[in-house]
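Worksheet: one structure, shown below.
There are 2 protein chains.
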Amino acid sequence: MHQRAKELAADVGPRRLTVAQAADEHVLEAVDDAFRAGLVRAILTGRKDELLPLMGSLGMSEADYRIVDTPDPAHAAREAVRLVSAGEADMVLKGKAHTSTVLHAVLDKQIGLRARRLLSHVAVYDVPGHPKLLIMSDPGMNIAPTLQEKIQIIDNAVVVAHALGIERPKVAILSAADTVNPAMPHAVEAAVLSKMSQRGQIRGCVVDGPLTLDAAVTYEGGDILGSRSDVAGDADILIVNSIEEGNLLSKSLSMFAHAGFAGLIVGASSPVLVVSRADSRKSKLDSIVLGILLSEHLKKVAFTAPPLERILTSEVRFDS
Amino acid sequence: MHQRAKELAADVGPRRLTVAQAADEHVLEAVDDAFRAGLVRAILTGRKDELLPLMGSLGMSEADYRIVDTPDPAHAAREAVRLVSAGEADMVLKGKAHTSTVLHAVLDKQIGLRARRLLSHVAVYDVPGHPKLLIMSDPGMNIAPTLQEKIQIIDNAVVVAHALGIERPKVAILSAADTVNPAMPHAVEAAVLSKMSQRGQIRGCVVDGPLTLDAAVTYEGGDILGSRSDVAGDADILIVNSIEEGNLLSKSLSMFAHAGFAGLIVGASSPVLVVSRADSRKSKLDSIVLGILLSEHLKKVAFTAPPLERILTSEVRFDS
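Residue numbers (numbering that gives the first Met the number 0), protein chains in the order written: chain A, 0 to 319; chain B, 0 to 319.
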């Protein structure tokens with residue numbers, strides 16, 4: 000993450016984090032990094048007899064953490080989520096528990112964090128040599144989103160951009176060409192989403208597509224489109240059409256372009272951090288930073304109304 | 000392209016190339032590079048009154064090239080393709096003519112280069128720091144290939160691998176996860192293609208999938224799969240599920256990982272090179288190198304039988 004995001008998160012002051020089944024070495028290291036940096040206070044759930052020895056071996060002090068002893072992963076996830084739902088913490092981080100176990104708890108009607116929105120995965124990349132952070136969605140949750148789901152995926156990504164201080168993010172709907180080929184359903188959807196943005200049905204951002212990756216993010220690529228795109232060359236948010244596209248772009252940015260990465264699940268009433276084992280310690284810490292910024296932002300713009308209903312409600316004026 | 004590919008192409012000696020509507024500065028530069036390197040002799044089609052001044056300004060000698068004067072792009076493309084079809088040249092390179100104009104001529108029943116195979120785009124990347132060339136398909140032609148089309152896309156990519164001297168290429172069917180999620184149609188298709196490979200229905204290679212990009216190409220990623228994949232960590236060929244996936248991976252490799260690139264259309268009886276204006280002079284030259292190697296290889300293994308019929312014909316033995 001850019002230094003600026005870290006400074007913003009530090010300004011917010013320590014936020015409260017729960018960890019679902021915390022007995023994972025790499026997750027605990029990242030949590031301790033965040034604690035020592037003054038970014039979080041954490042509640043760890045899991046079996047105490049597993050947690051304490053591991054914390055000891057990592058040089059973590061029991062006194063610095065609240066520990067909630069739970070018998071198994073499902074209980075750990077439920078308790079980690081319940082504490083956020085009850086207002087005792089601001090966000091939940093997946094530890095050793097499976098993502099599906101955590102999401103099951105997040106979606107629970109009693110103790111969960113439902114906000115009547117689609118949950119989607121939002122990733123933020125810091126690509127060496129590229130002048131701005133790139134926000135990408137959805138590389139990890141929705142497999143083949145429909146047009147209506149894409150609207151909500153955009154909306155969730157825009158909330159993250161706002162949390163990062165980007166007031167009116169430029170959203171590129173990625174495609175394999177910059178013209179609308181009626182034989183390419185994703186390009187057709189991109190055109191529809193662009194028009195919805197122009198009509199004010201998608202707010203807080205400007206959406207344009209179809210755009211190829213180079214046209215979206217570099218002035219060189221965007222130059223070809225000249226004045227015919229408000230996004231080309233300067234995109235903040237990249238919307239992919241499938242989980243496969245997102246995973247490919249994500250992996251190639253990490254592996255071949257050595258990009259930094261942070262990610263979380265958006266659409267619940269609080270941030271849900273589902274870092275994977277393969278993510279680096281730095282990625283995990285950066286994801287916590289992102290969670291802090293989103294948590295702070297959601298205090299101001301709580302997910303109260305279901306955005307899709309708002310978006311699709313006709314607001315055509317008949318009296319003009 | 001790796002030095003080895005260039006040496007192989009130089010060993011083959013000059014091959015004969017036609018250029019469809021050659022009056023394009025960047026295409027002519029690449030053709031002249033190839034001519035000076037002893038790789039090609041070229042026949043240029045197009046309006047002579049356009050071509051000669053441009054060649055002059057680029058320092059190209061009229062005496063080094065055969066020029067076929069044609070009135071318009073369609074005639075230029077037809078003539079460039081006809082000369083290959085008639086055995087007067089070995090491959091065709093798109094100049095200023097549109098890709099669709101060239102493909103229209105390639106698919107013409109009278110003068111074209113049909114081989115009863117699916118045409119697909121095959122790209123070859125030389126990624127800095129990665130130890131081997133990566134062959135990828137299809138990033139530019141088939142929008143959303145069916146399972147049967149994927150079989151032919153694999154087959155065409157395997158022919159390119161063989162042309163590059165890779166005897167038994169490892170083919171990864173890319174996905175967003177390394178396990179088969181029945182809710183993900185592309186992962187399901189990957190499993191089917193793997194089994195077809197194991198049954199000998201896809202030949203000259205070993206196919207495995209679903210594989211994420213990192214599991215496919217790095218030992219680190221592939222380590223997770225241990226002995227459960229013959230491809231993981233060492234893939235030669237990457238099969239994407241859609242033109243969008245291919246375009247994204249291609250663009251991110253070029254833009255962010257600074258990869259070298261060559262590409263051509265495979266499945267016709269001779270190589271068809273459709274470089275784009277945006278491709279660098281080096282990419283255009285490398286594509287010609289690739290065309291030379293494929294052309295040489297096709298002399299030995301001419302596309303005679305339609306591979307899909309061969310592949311899908313039951314060879315189950317009832318007498319055993």
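Glycine included, C-beta positions come from ideal geometry on N, C-alpha and C.
Below-8 Å beta-carbon distance, ASN141 (chain A) vs any chain B residue = In the first sequence, residue 141 (chain A) corresponds to position 142, counting from 1. It does not; no Cβ of chain B falls within 8 Å.
Give, in chain order, every residue of the segment 59 to 71 of chain B whose Cβ lies closer than 8 Å to some Cβ of chain A.
-> none
Beta-carbon separation (whole angstroms), ALA36 (chain A) vs ILE242 (chain B), contact threshold 8 Å | Counting from 1 along the first sequence, the entry for residue 36 (chain A) is found at position 37. Counting from 1 along the second sequence, the entry for residue 242 (chain B) is found at position 243. Not quite, the Cβ-Cβ distance comes to about 44 Å (not below 8 Å), so this is no contact.
9 Å Cβ cut-off: residues of chain B touching ASP278 (chain A) | Within the first sequence, numbered from 1, the residue matching residue 278 (chain A) stands at position 279. Neighbours of ASP278 (chain A) on chain B: none; closest Cβ ~12 Å, over 9 Å.
Scan the segment 164 to 193 of chain A for residues whose Cβ lies nearer than 7 Å to a Cβ of chain B and list them as they occur along the chain.
-> LEU173, SER174, ALA175, ALA182, MET183 and HIS185
For the segment 243 to 267 of chain B, which residues have a CB atom closer than 9 Å to at least one CB atom of chain A, in sequence order?
-> GLU243, GLU244, GLY245, ASN246, LEU247, LEU248, SER249, LYS250, SER251, LEU252, SER253, MET254, PHE255, ALA256, HIS257 and ALA258
Determine the direct distance from the alpha carbon of LEU289 (chain B) to that of LEU7 (chain B), and round the result to whole angstroms.
-> Your numbering for residue 7 (chain B) matches position 8 in the second sequence. Your numbering for residue 289 (chain B) matches position 290 in the second sequence. Each residue's Cα considered, the two are about 10 Å apart.
Thinking just about the alpha-carbon of each residue, which of A:GLN151, A:ILE238 and A:VAL11 is nearest to the one in LYS169 (chain A)?
-> The count along the first sequence starts at 1 and reaches residue 169 (chain A) at position 170. Comparing Cα positions, the closest option is A:ILE238.
Residue span of the beta strand (DSSP E) that contains PRO209 (chain B), given as start and end = By one-based count along the second sequence, residue 209 (chain B) stands at place 210. Where PRO209 (chain B) is concerned, the enclosing beta strand (DSSP E) stretches over 205 to 210.
How about THR217 (chain B): is its C-beta nearer than 8 Å to some C-beta of chain A?
-> Here residue 217 (chain B) refers to the residue found at position 218 when the second sequence is read from its first residue. Yes, its Cβ sits closer than 8 Å to a Cβ of chain A.
To the nearest angstrom, how far is it from the Cα of PHE255 (chain A) to the Cα of VAL271 (chain A)?
-> Counting from 1 along the first sequence, the entry for residue 255 (chain A) is found at position 256. Counting from 1 along the first sequence, the entry for residue 271 (chain A) is found at position 272. Those two C-alpha atoms are separated by around 28 Å.
Less than 8 Å separating the beta-carbons of ASN141 (chain B) and ILE152 (chain B)?
-> On the second sequence, position 142 is the one that residue 141 (chain B) refers to. On the second sequence, position 153 is the one that residue 152 (chain B) refers to. A contact, by the Cβ cut-off of 8 Å.
Would LEU27 (chain A) count as contacting chain B if we go by Cβ distances under 8 Å?
-> Translated into the one-based positions of the first sequence, residue 27 (chain A) becomes position 28. Cβ-Cβ to chain B under 8 Å: no for LEU27 (chain A).
Unbroken beta strand (DSSP E) run spanning LYS93 (chain B), endpoints = For this step, residue 93 (chain B) is matched to residue 94 along the second sequence. It spans 90 to 93 - the beta strand (DSSP E) in which LYS93 (chain B) sits, taken as one unbroken run.
ALA261 (chain A) - DSSP class collapsed to helix/strand/coil = By one-based count along the first sequence, residue 261 (chain A) stands at place 262. ALA261 (chain A) falls in the strand class under three-state DSSP.
Along chain B, in chain order, which residues have C-beta atoms closer than 9 Å to that of THR98 (chain A)?
-> The residue you call residue 98 (chain A) lines up with position 99 of the first sequence. Going along chain B, no residue has its Cβ under 9 Å from THR98 (chain A), so there is no contact; the nearest lies around 11 Å.
If you draw a straight line from the alpha carbon of THR100 (chain A) to that of GLU166 (chain A), how long is it in whole angstroms?
-> Here residue 100 (chain A) corresponds to residue number 101 of the first sequence, with the count starting at 1. Here residue 166 (chain A) corresponds to residue number 167 of the first sequence, with the count starting at 1. Cα-Cα distance, rounded: 34 Å.
Close beta carbons around ALA88 (chain B), own chain, < 7 Å, minus the five adjacent residues each side = On the second sequence, residue 88 (chain B) is found 89 positions in, with the first residue counted as 1. ARG15, LEU16, THR17, ILE42 and LEU82, listed in sequence order.
Which residues in the same chain as LYS47 (chain A) place their Cβ atom closer than 8 Å to its Cβ, once the five residues preceding and following it in sequence are excluded?
-> By 1-based counting over the first sequence, the position of residue 47 (chain A) is 48. Only ILE66 and ASP68 meet the Cβ criterion.
For VAL101 (chain B) and chain A, any beta-carbon pair shorter than 8 Å?
-> One-based indexing of the second sequence puts residue 101 (chain B) at position 102. False, the Cβ-Cβ gap to chain A never drops below 8 Å.
Is the distance from the Cβ of LEU173 (chain B) to the Cβ of LEU212 (chain B) below 8 Å?
-> If you number the second sequence from 1, residue 173 (chain B) lands on position 174. If you number the second sequence from 1, residue 212 (chain B) lands on position 213. Contact flag set, yes.
Under 9 Å (Cβ pairs) to chain A, residues found in the segment 43 to 60 of chain B = none
For LEU146 (chain A) versus VAL216 (chain A), is the C-beta distance shorter than 8 Å?
-> What you label residue 146 (chain A) is simply residue 147 of the first sequence in a count that begins at 1. What you label residue 216 (chain A) is simply residue 217 of the first sequence in a count that begins at 1. Cβ atoms of LEU146 (chain A) and VAL216 (chain A): not closer than 8 Å.
Enumerate, from N- to C-terminal direction, the unbroken alpha helix (DSSP H) stretches of 4 or more residues contained entirely within the segment 115 to 199 of chain A.
-> 146 to 162 and 184 to 197
Taking the C-alpha atoms as reference points, what is the distance between VAL191 (chain A) and ALA104 (chain A)?
-> On the first sequence, position 192 is the one that residue 191 (chain A) refers to. On the first sequence, position 105 is the one that residue 104 (chain A) refers to. Near 35 Å, if we compare the C-alpha coordinates of ALA104 (chain A) and VAL191 (chain A).
Would you please verify whether the beta carbon of ASP222 (chain A) is less than 8 Å from any beta carbon of chain B?
-> Start at 1 with the first residue of the first sequence, and residue 222 (chain A) comes out as number 223. It does not: the Cβ of ASP222 (chain A) has no partner Cβ on chain B nearer than 8 Å.
Measure the C-alpha to C-alpha separation of ILE287 (chain A) and VAL179 (chain A) and round it to an integer number of angstroms.
-> The count along the first sequence starts at 1 and reaches residue 287 (chain A) at position 288. The count along the first sequence starts at 1 and reaches residue 179 (chain A) at position 180. For ILE287 (chain A) and VAL179 (chain A), the distance between alpha carbons rounds to 39 Å.
Based on Cα-Cα distance, which residue from A:GLY128, A:GLY225, A:SER119 and A:MET59 lies nearest to ALA362 (chain A)?
-> The first residue shown for chain A is 0 and the last is 319, placing residue 362 (chain A) beyond what the model contains.
8 Å CB neighbourhood of PRO130 (chain A) in its chain, flanking five on each side removed | Taking the first sequence and counting its residues from 1, one reaches residue 130 (chain A) at position 131. So no residue of the chain qualifies.
Any Cβ of chain B within less than 8 Å of the Cβ of ASN240 (chain A)?
-> By 1-based counting over the first sequence, the position of residue 240 (chain A) is 241. ASN240 (chain A) counts as touching chain B.
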